[in-house]
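Residue numbers (my numbering), protein chains in the order written: chain Z, 1 to 389; chain A, 1001 to 1340. Just below is one structure, and these are the notes that go with it.
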Amino acid sequence: MPDNVLSSSTDAKTCLQRVNTLMASPAAKALLDPDSKKGSRRFKIMNVCGGHERSISMSGIRNALHPSIELIPGPGCPVCICPEEDIYQAIQLALNEDIILLAFGDMLRVPVNTSKKTIRTLQQAHAAGADIRAIASPLEARQIALQNPHRAVVFFVAGFETTTAPVAGLIAEFIPDNLSFLLAARLTWPAVAMLLESDIPGFDALIAPGHVATIMGGNEWQFAINQFQIPTAIAGFTPESLLTAFYSVLRQQLEQRLFLDNCYPQLVTQQGNISAQAQLKQTMNIVDANWRGIGIIPQSGFALKAAYDQHNARLLFDDYEQQARRHRGAMPAGCDCAKVVLGKLYPYECKLYGRTCKPDEPVGPCMVSDEGACRIWWVHGAPRNKTKA
Amino acid sequence: MSDSMRLKTHYISLAHGNGGRYMRELIEQLFAHYLANPLLNTQTDAVSLSLNGSDIAFTTDGFTVNPLEFPGGTIGSLAIHGTVNDLAVSGATPKYLSLNAFIEEGLAIEQLERIIKSMAEAAQQSGVAIVTGDTKVVPKGECAGVFFATSGIGIKEKNINLGLDQIHTGDQILVSGSVGDHGTAVMLAREQFGLKGSLQSDADSVYPLTKTLLELPGLRFMRDPTRGGLASVCYEISQAINQEVHLFEHKIPLHKQVESVCEILGYDPLYLACEGRVVAIVAQQNAQQALSQWRQLSTGKDAQIIGEIRKGSAHVVLETELGGERILQELEDDPLPRIC
C-alpha cells in the first residue's frame, strides 16, 4: 500500500490547514469549476459510520473546512436500518412470552409503525412489565442466560460487522441452552456498493469505516477503487485521522492517482482480524437482507447457520415472524430517514426534523440512535448551523 | 386538560431524574406549580432566609448511587458533600445537617458501617455536624441498598449578592478542575462495560473553593455541576441570561481516562456528573485573580478560565480546537452506550 500522504501523528490543526490549502489550489479550483463560471460545485465526501459523523460534528470540522468540501453522512447506523418487522417481533415476543429479551441500548427507543395508543418501543414494553434488559457487551448475554437457567433468554442483535463479530465469537465459544438470537445484523459495504451502482451515487469520495475495517480487513473496500474509481480512504475516529483521510481522497482525485489509503494504520490491516472472520464464517451465513425504508440489499445480512437452529429465535418463536409487516413497516409516514441514511437528504431537509421529530419524541430511527445522522446533528446544534452544511 | 397533562409524558421515566430537560419540566410544571410561594426558586441551590437579623442558607438533597461505594467516595460521603456544596456555592458557610436514611432489608451491616464512617469523615473534613436524623427500613427490592436525604443550614455573610441576574456580557467562566470524573468513576465501578481504570471520583467539599472567591468584588455566580455536568450548568446560565455562553474546548480540563471511556462508549464528558467542582462566573477584570486564588488550593490546581459570556442568542457555543463550533443542547434522555 502506498504511504500515507499525511502522517497519522500530524495534529488536527495542521491536517485541517493542509486540506484547506489543497482545496484553495488552482488544481482544486479547476476540478470544481472547470469553466470558471460562478456557482462551482462542491467536492462531496461520504462517510458510512455513525462514529465518523459524531466525530465530525463534535469537533466542528464541517464549518472549519473549506466551503467547497461537503461532508455527507451515509449508511452508517445499524439501528436506523433495522427492519421494523424485527423490532415489532422483538416487542411482541417480550410482551407475550415468559422470556428475558436483551438488546443494545439504542434499540430500546426505536418506534414501530403502529398506532400511538399501542406499545411501540421496547422501552414502552419494559414499562408495561416485559423483562427487557439493555446490555452493552455480548458477553453479558451469556452471563444473564447462565444466571437464569430456567428462563429463555433472547438476544435481539442489530449491528454491523463490528457488533456481529463479538456475537459470533460468543456463539463459537459457548452458548447456554437457554440463549437464542434474533439476528438483524448487517454488512456495511453492500449498501455502499448499491449506492455506487445507482445512477447518482451522490458523492465523489468515500471514507471507509475504521472499526469495520479492523475486523473485516481494509481489502474489503478495494472494490470502490477497482470497480467504481472512487477515491477511498479508511479513517479512524479522531479529527486527525478523518482530516488525513479527507486530504488523501482529495489528493487522489486531483492527481488522478487512486489507491485505497489506510489512514487508521494503528488498528487496520489489509487482512483484518482473521480469527474474528473465521468465527463469523463458522456461525453465520451471508444472506439477502431487508434494510428499513430501503429494501432488500443482496448479500448484506447475517443469518445463523443451521447448526445453531436450536439457538435461532426466528425458528424457536416462528409464530411471531410477520413477513406481511415488511410492506407496512418501512419508515413512518412523512419520515425521510431512508433518504438521510443513503445520504440523499441532509437531516434538516426532512419536514419532520426538529418539528415533530426530536430526540425526546423521535418519529424515525435516525433521531433515536447516537449513530443516526438526525440525532447527531440535532444534539450538536446543527439547527443553528444548517446553512453551513 | 387535567393538571397532570401539563407534562408531555404520562409516567415518570428515569430521564425525569437526569438533570436535563425532563427533570426541569417535572419540577417546574408539577412541584413548583403546586408548591409555589415567594421564597421557592427552583433555579437556586439553596434558599436565603432571614431569621432574627441573620442571613442563613437552607437546602436539601437526596442521594441514590449504584454502586454504593466507588473509587473516591461512597454514598455516605456523597450525601455530605452534595448538601455542603449546595450551601457553599450559594455563598454560605455550611454548618448543620440533618440526615434521613432509607435502608433496604438485607443490606450488610458491615457495608453500612463503612458508608457511615466515610460520611463521618466527610462531615468532619467539611466542618459540618449532623445534628438530627431519622432511619427507615424498607422491604427488599424497594430501594437499592440505601438511600440518603440530607438537609443543611449555612450562615451567609452580609452583602453577598450572587445570582444569575448578576451576570453581564464579557464576564469570564471558570471551572475549578477536570470535568466528568465522578460520572466516569461510577460507571467504571459498575463494571458493566468490562472497563477498568484507576480514575477517582472528584467527590469533595467545594467550600474552600467558594470561600476564597467570596471576597472578590467581581464574583457574580457559582454553581457545582452535578447531574447533567458542565454543559447543563452552562445551558441553564444561557437560558437565564438570554445571552451566549461561549466555551473554548481546549481550555476545559479533562482527564485522559474520562476522554477514553467517553470515546469508547460514545458519551460526551461535558454532560457527565462532577461532585466536587465549581463553575464560577467572574467579571473580566477579576478573572485572573480568581484563577490564581483557586490554583493555590489543592482542589483547584487544575482550574481554568474556560469561556465567557457573549452577546448573542441564548445558546451554549463550544468553540472546538479546530476553530469550528458546536452547540451544547439541553440534556435529553440519559446517554446509552452506542453500537455500530
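Even glycine gets a Cβ: it sits at the ideal position worked out from N, Cα and C. Note that the structure is predicted; figures quoted are calculated from it, not measured.
Bounding residues of the alpha helix (DSSP H) (the contiguous stretch that carries residue i)
i	result
residue 1133/A	Unbroken run through residue 1133/A is the beta strand (DSSP E), 1129 to 1138; no alpha helix (DSSP H).
residue 1294/A	1287 to 1295
residue 151/Z	Residue 151/Z -> no alpha helix (DSSP H), and no H or E assigned at all.
residue 1116/A	1109 to 1126
residue 17/Z	12 to 23
residue 1096/A	Unbroken run through residue 1096/A is the beta strand (DSSP E), 1092 to 1104; no alpha helix (DSSP H).
residue 337/Z	337 to 341
residue 1205/A	That residue, residue 1205/A, is in no alpha helix (DSSP H); it is neither H nor E in DSSP.
residue 47/Z	Element bounds for residue 47/Z: not the alpha helix (DSSP H) but the beta strand (DSSP E), 43 to 47.
residue 1176/A	Careful: residue 1176/A lies outside any alpha helix (DSSP H) and carries neither H nor E.
residue 209/Z	Taken as a continuous stretch (DSSP letters only), residue 209/Z belongs to no alpha helix (DSSP H), being part of the beta strand (DSSP E) at 205 to 209.
residue 1184/A	1181 to 1190
residue 1075/A	1075 to 1089
Any C-beta of chain C under 8 angstroms from that of residue i
i	result
residue 284/Z	Included in the structure are the protein chains Z and A, with no chain C among them.
Supposed close pair residue i, residue j - CB separation, criterion 8 angstroms
i	j	result
residue 266/Z	residue 182/Z	About 34 angstroms separates the two Cβ atoms, so there is no contact after all.
residue 79/Z	residue 48/Z	That belief does not hold up - the Cβ atoms of residue 79/Z and residue 48/Z are roughly 14 angstroms apart, past 8 angstroms.
residue 165/Z	residue 270/Z	That belief does not hold up - the Cβ atoms of residue 165/Z and residue 270/Z are roughly 17 angstroms apart, past 8 angstroms.
residue 246/Z	residue 343/Z	Wrong, their Cβ atoms sit about 16 angstroms apart, outside the cutoff.
residue 1160/A	residue 1126/A	In fact, because the Cβ distance is near 19 angstroms, the residues do not count as touching under 8 angstroms.
residue 179/Z	residue 125/Z	Not a contact, Cβ separation roughly 20 angstroms.
residue 1297/A	residue 1210/A	That pair is no contact at about 11 angstroms.
residue 162/Z	residue 215/Z	6 angstroms
residue 1071/A	residue 1144/A	Not confirmed; about 19 angstroms, so no contact.
residue 1122/A	residue 1077/A	4 angstroms
residue 1241/A	residue 1167/A	5 angstroms
Residue range of the unbroken beta strand (DSSP E) whose run includes residue i
i	result
residue 1262/A	First-last for residue 1262/A: 1256 to 1265, but that is the alpha helix (DSSP H), not the beta strand (DSSP E).
residue 951/A	Because residue 951/A is not part of the residues shown, which for chain A are 1001 to 1340, the question remains open.
residue 301/Z	295 to 304
residue 120/Z	Run containing residue 120/Z: none; DSSP gives neither H nor E here.
residue 1056/A	1054 to 1063
residue 291/Z	284 to 291
residue 263/Z	261 to 263
residue 246/Z	Counting along the chain, residue 246/Z falls outside any beta strand (DSSP E), though it belongs to the alpha helix (DSSP H) covering 239 to 255.
Under 7 angstroms by beta carbon: chain Z residues contacting residue i
i	result
residue 1326/A	57, 58, 60, 380, 381
residue 1320/A	59, 60
residue 1072/A	Within 7 angstroms Cβ-Cβ: nothing; residue 1072/A doesn't reach chain Z, min ~23 angstroms.
residue 1332/A	359, 360
residue 1329/A	379, 381
Partner residues on chain A for residue i, Cβ-Cβ distance less than 7 angstroms
i	result
residue 288/Z	Neighbours of residue 288/Z on chain A: none; closest Cβ ~22 angstroms, over 7 angstroms.
residue 239/Z	1322
residue 16/Z	1322
residue 63/Z	1324, 1325
Beta-carbon neighbours of residue i, restricted to chain Z and to distances below 8 angstroms
i	result
residue 1017/A	Simply none; closest approach about 15 angstroms.
residue 1011/A	127
Closer than 9 angstroms at the beta carbon, the chain A residues around residue i
i	result
residue 13/Z	1321, 1322, 1323
Problem set entry | chain A contacts made by the stretch 218 to 235 of chain Z, where a contact means CB separation under 7 angstroms | Listed by position along the chain: nothing, the set is empty.
Exercise. For the 8 angstroms Cβ check, are there 3 or more pairs between the stretch 319 to 339 of chain Z and the stretch 190 to 198 of chain Z?
Worked result: No: the two stretches stay apart, fewer than three of their Cβ pairs being nearer than 8 angstroms.
For this session: Determine, using beta-carbon pairs with one atom in the stretch 273 to 280 of chain Z and one in the stretch 251 to 264 of chain Z, whether at least three such pairs fall under 8 angstroms.
Result: Note that the stretch 273 to 280 of chain Z does not touch the stretch 251 to 264 of chain Z; fewer than 3 beta-carbon pairs, one per stretch, sit closer than 8 angstroms.
For this session: For the stretch 1223 to 1235 of chain A and the stretch 1268 to 1282 of chain A, state whether three or more C-beta atom pairs, one from each stretch, are separated by less than 8 angstroms.
Result: Judged by Cβ distances under 8 angstroms, the stretch 1223 to 1235 of chain A makes contact with the stretch 1268 to 1282 of chain A, as three or more pairs qualify.
Exercise. So, do the stretch 1145 to 1163 of chain A and the stretch 1260 to 1268 of chain A have three or more beta carbon pairs nearer to each other than 8 angstroms?
Worked result: Too few Cβ pairs lie closer than 8 angstroms, so no.
Problem set entry | Any 3 or more C-beta pairs closer than 8 angstroms across the stretch 93 to 101 of chain Z and the stretch 41 to 57 of chain Z | Too few Cβ pairs lie closer than 8 angstroms, so no.
For this session: Determine, using beta-carbon pairs with one atom in the stretch 1201 to 1213 of chain A and one in the stretch 1177 to 1192 of chain A, whether at least three such pairs fall under 8 angstroms.
Result: Under the three-pair Cβ rule at 8 angstroms, the stretch 1201 to 1213 of chain A counts as touching the stretch 1177 to 1192 of chain A.
Exercise. At a cut of 8 angstroms, does the stretch 1307 to 1320 of chain A reach the stretch 1206 to 1219 of chain A through at least three beta carbon pairs?
Worked result: For the pair of segments examined, the stretch 1307 to 1320 of chain A was found not to touch the stretch 1206 to 1219 of chain A: the number of CB pairs separated by less than 8 angstroms stays below three.
Exercise. Is it true that the stretch 354 to 367 of chain Z meets the stretch 308 to 315 of chain Z, where meeting means three or more beta-carbon pairs spaced less than 8 angstroms apart?
Worked result: Flag = no, the stretch 354 to 367 of chain Z and the stretch 308 to 315 of chain Z do not touch.
Exercise. If we count Cβ pairs, one from each stretch, closer than 8 angstroms, do we get three or more for the stretch 1082 to 1095 of chain A versus the stretch 1047 to 1059 of chain A?
Worked result: Yes, since at least three Cβ pairs between the stretch 1082 to 1095 of chain A and the stretch 1047 to 1059 of chain A fall closer than 8 angstroms, the two stretches touch.
Exercise. Does the stretch 365 to 372 of chain Z come within contact of the stretch 66 to 79 of chain Z, defined as at least 3 CB pairs closer than 8 angstroms?
Worked result: At 8 angstroms Cβ cutoff, the stretches touch.
Exercise. Are the stretch 117 to 133 of chain Z and the stretch 58 to 67 of chain Z touching, with three or more C-beta to C-beta distances below 8 angstroms?
Worked result: With the cut-off at 8 angstroms, the stretch 117 to 133 of chain Z and the stretch 58 to 67 of chain Z do not touch.
For this session: Count the C-beta pairs between the stretch 234 to 251 of chain Z and the stretch 299 to 307 of chain Z that are closer than 8 angstroms, then say yes if the count reaches three, no if not.
Result: Contact fails between the stretch 234 to 251 of chain Z and the stretch 299 to 307 of chain Z, because fewer than three Cβ pairs, one in each stretch, are under 8 angstroms apart.
Problem set entry | Inter-stretch contact (C-beta, 8 angstroms, three-pair minimum) for the stretch 1165 to 1177 of chain A and the stretch 1272 to 1287 of chain A | As far as the Cβ criterion goes, the stretch 1165 to 1177 of chain A touches the stretch 1272 to 1287 of chain A, which means the pair count is three or higher.
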